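Peer 1:
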Amino acid sequence: MSITRNHAICIFFNEEFTNKHSKKLKEDLEKLCGLEICYTDDPNKPMLQIKLKVNGFPSYYHRYKDDLPKSTNLQEQIIITNQKQLIQYLNKVYRSGQPVDSDMYEQKQISMKHIYSETIVITDLFDKKTSRSFSTWCGTAKLDLILADQTRKFQKNDASKTKIRYRSLWVLKSIHRGILY
Numbered sequence: 005m006s007i008t009r010n011h012a013i014c015i016f017f018n019e020e021f022t023n024k025h026s027k028k029l030k031e032d033l034e035k036l037c038g039l040e041i042c043y044t045d046d047p048n049k050p051m052l053q054i055k056l057k058v059n060g061f062p063s064y065y066h067r068y069k070d071d072l073p074k075s076t077n078l079q080e081q082i083i084i085t086n087q088k089q090l091i092q093y094l095n096k097v098y099r100s101g102q103p104v105d106s107d108m109y110e111q112k113q114i115s116m117k118h119i120y121s122e123t124i125v126i127t128d129l130f131d132k133k134t135s136r137s138f139s140t141w142c143g144t145a146k147l148d149l150i151l152a153d154q155t156r157k158f159q160k161n162d163a164s165k166t167k168i169r170y171r172s173l174w175v176l177k178s179i180h181r182g183i184l185y
């Protein structure tokens with residue numbers, strides 16, 4: 005997951021990532037004359053460094069991007085080419101438990117068919133597969149979403165009275181999905 009500058013500032017100061025906190029902390033950081041938020045190897049470990057050093061060693065100190073990508077269209081931003089990437093992506097987007105950065109997520113009742121329909125847009129790994137085989141793959145891959153509680157509901161406007169399973173999941177808001185890769 006790519007981390008923006010505002011998110012890194014909240015991580016550094018051990019604050020929850022919200023617009024209110026990031027604005028306040030950004031202002032506080034600007035008061036610290038000559039310091040810049042950056043990272044060396046791991047973007048999840050932000051640090052403060054003198055701007056002169058960050059500018060002098062750009063291959064060692066890396067700056068965070070200021071904003072989210074302009075487009076939030078999944079087809080333009082994410083193409084997943086292997087199962088490992090897909091497992092990481094699905095585990096970030098669909099969580100069974102409440103995530104730490106819960107303002108980036110919303111709790112929803114969601115079916116496997118819905119998850120499958122969103123997945124086939126970003127990868128060609130399931131082009132010739134059914135939603136049932138996708139569901140089986142999710143269990144085999146031991147995705148976090150499989151651990152979520154399930155409820156069964158009758159499908160609306162269905163004369164055959166079929167039941168659909170819904171999982172109670174924390175789903176990453178679409179505006180944040182483009183920064184995963």
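Under the working numbering, think of the first position of the sequence shown as 5, with each following residue one higher. No residue lacks a Cβ here, since even glycine has one placed at the ideal position from N, Cα and C. As the structure is a computational prediction, the values presented were derived from the model and not from experiment.
Compute the beta-carbon to beta-carbon distance between residue 151 and residue 98, rounded to the nearest angstrom, for a pair I have assumed lies under 8 Å.
Peer 2: Numbered from its first residue, the sequence shown carries residue 151 at position 147. Numbered from its first residue, the sequence shown carries residue 98 at position 94. With 8 Å as the limit, residue 151 and residue 98 do not qualify as a contact, their Cβ atoms being about 10 Å apart.
Peer 1: What is the DSSP secondary structure of residue 173, reduced to helix, strand or coil?
Peer 2: Residue numbering aside, residue 173 sits at position 169 when the sequence shown is read from its first letter. If DSSP states are grouped into helix, strand and coil, residue 173 belongs with the strands.
Peer 1: Determine the closest residue to residue 156 out of 149, 167, 146 and 28, with distance taken between C-alpha atoms.
Peer 2: As a first step, residue 156 must be located in the sequence shown, where it is residue number 152. Among 149, 167, 146 and 28, the Cα nearest to that of residue 156 belongs to 167.
Peer 1: Less than 8 Å between the CB atoms is what I'm expecting for residue 87 and residue 149, so what's the real figure, rounded?
Peer 2: Position 83 of the sequence shown, counting from 1, holds the residue named residue 87. Position 145 of the sequence shown, counting from 1, holds the residue named residue 149. 15 Å between Cβ atoms; not a contact.
Peer 1: So, at 8 Å on beta carbons, what are the nonlocal neighbours of residue 69 in its own chain, with the 5 sequence-adjacent residues on each side left out?
Peer 2: One-based indexing of the sequence shown puts residue 69 at position 65. Same-chain partners within the cutoff: 6, 8 and 9.
Peer 1: When you compare each of 20, 67 and 16 to residue 108 by their alpha carbons, which one comes out closest?
Peer 2: Counting from one through the sequence shown, the residue named residue 108 turns up at place 104. Closest option to residue 108, Cα to Cα, is 20.
Peer 1: With a Cβ-Cβ cutoff of 9 Å, do residue 51 and residue 43 count as a contact?
Peer 2: Residue numbering aside, residue 51 sits at position 47 when the sequence shown is read from its first letter. Residue numbering aside, residue 43 sits at position 39 when the sequence shown is read from its first letter. A contact, by the Cβ cut-off of 9 Å.
Peer 1: Could you name the residues of the same chain whose beta carbon sits closer than 6 Å to that of residue 120, not counting the 5 residues immediately before and after it, in chain order?
Peer 2: The residue labelled residue 120 in the question sits at position 116 within the sequence shown. If we look at residue 120 and ignore the five residues flanking it on each side, its Cβ neighbours are 135 and 138.
Peer 1: List in chain order: all unbroken alpha helix (DSSP H) runs of 4+ residues lying wholly within the stretch 97 to 154.
Peer 2: The qualifying runs are 116 to 126 and 135 to 144.
Peer 1: Note down the Cα distance separating residue 91 from residue 122, rounded to an integer number of angstroms.
Peer 2: Translated into the one-based positions of the sequence shown, residue 91 becomes position 87. Translated into the one-based positions of the sequence shown, residue 122 becomes position 118. Approximately 14 Å, taken between the alpha carbons.
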